[in-house]
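For reference, the structure discussed in these notes is given below.
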Amino acid sequence: SQQGEEDPQALSIQEGENATMNCSYKTSINNLQWYRQNSGRGLVHLILIRSNEREKHSGRLRVTLDTSKKSSSLLITASRAADTASYFCATATNSGNTPLVFGKGTRLSVIA
Amino acid sequence: KAGVTQTPRYLIKTRGQQVTLSCSPISGHRSVSWYQQTPGQGLQFLFEYFSETQRNKGNFPGRFSGRQFSNSRSEMNVSTLELGDSALYLCASSYGRGPLITGELFFGEGSRLTVL
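See below:
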């Protein structure tokens, strides 16, 4: 079952605009990760934020985590056509050997 | 460093047949996880292997099985294929014991299975 739920399901923006995707989850987590998937390809890890962190940056990516609301957001600044992809959040819980659980993703289209 | 390699990339089978998919993890990675991705269900966890031992299994029927070899390469098998098994099967590797310890997973490009 999905732990994370991304919102919106699909997002279409113009090149140069910022894109914001949200993720909500249900149980306590150890860390939350964001991945990108180009159509029909494998997933690529973008960024990991631990439960004791509130914000993290990597290049044009900014991730925030609010454990009190059980939510995270991914901001991509100055979007490019090459950012067109599906973005997934994934959560790792503190319970033993539980696997990384993925949401259903946000499909981002950046129009040149 | 070579990435995660999955073979075959594409395959077509008919109902009732069986299929074996292969995954070679990044050199030095000892954990291999398998996921099934479909448009309706998204990414569903199948199983995880570490040092040849299955450490975790998702909620899939017994027709889905896997194994890991001493060189960390992994195979998964689906027997008595059903139409609903059509999916992209993704393999991911990590150095340690799962996302709790080491964080990120490194994914292969997937094996796209079509069942007719």
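Quick note, the sequences are listed as chains A and B, same order. So in our numbering, the last one in the first sequence is 707, and the numbering has no gaps at all. So in our numbering, the last one in the second sequence is 129, and the numbering has no gaps at all. Idealized CB from N, CA, C, for every residue including glycine.
{"Asked": "Backbone CA spacing between V639/A and S666/A [nearest angstrom]", "Found": "21 Å"}
{"Asked": "Extent of the continuous beta strand (DSSP E) to which K651/A belongs", "Found": "E650 to S653"}
{"Asked": "Rounded C-alpha distance that separates G123/B from R22/B", "Found": "6 Å"}
{"Asked": "Nearest neighbour of S623/A, chosen from L703/A, T686/A and K699/A [CA to CA]", "Found": "T686/A"}
{"Asked": "Below-8 Å beta-carbon distance, E61/B vs any chain A residue", "Found": "yes"}
{"Asked": "Within chain B, the residues that G637/A reaches when beta carbons sit closer than 7 Å", "Found": "L103, F120, G121, E122 and G123"}
{"Asked": "Close-in-space but distant-in-sequence residues of the same chain around A605/A (CB under 6 Å, 5 per side omitted)", "Found": "R702"}
{"Asked": "Interface flag, L656/A vs chain B, CB-CB below 8 Å", "Found": "no"}
{"Asked": "N-terminal and C-terminal residue of the beta strand (DSSP E) that E65/B is part of", "Found": "Taken as a continuous stretch (DSSP letters only), E65/B belongs to no beta strand (DSSP E), as it is neither H nor E."}
{"Asked": "Alpha-carbon spacing of S37/B relative to R68/B, whole angstroms", "Found": "18 Å"}
{"Asked": "Minimum Cβ-Cβ distance from E65/B to chain A less than 8 Å", "Found": "no"}
{"Asked": "Whether L656/A touches I642/A by CB criterion (8 Å)", "Found": "yes"}
{"Asked": "Chain B contacts made by the stretch 686-698 of chain A, where a contact means CB separation under 9 Å", "Found": "T686, A687, T688, N689, S690, G691, N692, T693, P694, L695, V696, F697 and G698"}
{"Asked": "With 16 other Cβ atoms within 10 Å as the buried cut-off, status of D98/B", "Found": "buried"}
{"Asked": "Beta bridge counterpart(s) of F119/B as assigned by DSSP", "Found": "S106/B"}
{"Asked": "S596/A - DSSP class collapsed to helix/strand/coil", "Found": "Since pLDDT at S596/A reaches only 48, below the 50 mark, its modelled position is unreliable, and the value read off the structure follows with that caveat. Residue state, collapsed to three classes: coil."}
{"Asked": "Contact under 8 Å by Cβ, F60/B with G71/B", "Found": "yes"}
{"Asked": "G55/B - partner residues in DSSP beta bridges", "Found": "T51/B"}
{"Asked": "Three-state secondary structure assigned by DSSP to G97/B", "Found": "helix"}
{"Asked": "DSSP bridge partner residues for K10/B (one or two, in chain order)", "Found": "Any question about residue 10/B goes unanswered here, given that chain B covers just 14 to 129."}
{"Asked": "Proximity to R636/A [Cα-Cα], best of L129/B, A105/B, V128/B and E117/B", "Found": "A105/B"}
{"Asked": "For L643/A: DSSP bridge partner residues", "Found": "Q628/A"}
{"Asked": "For S78/B and S92/B, the rounded distance between their alpha carbons", "Found": "8 Å"}
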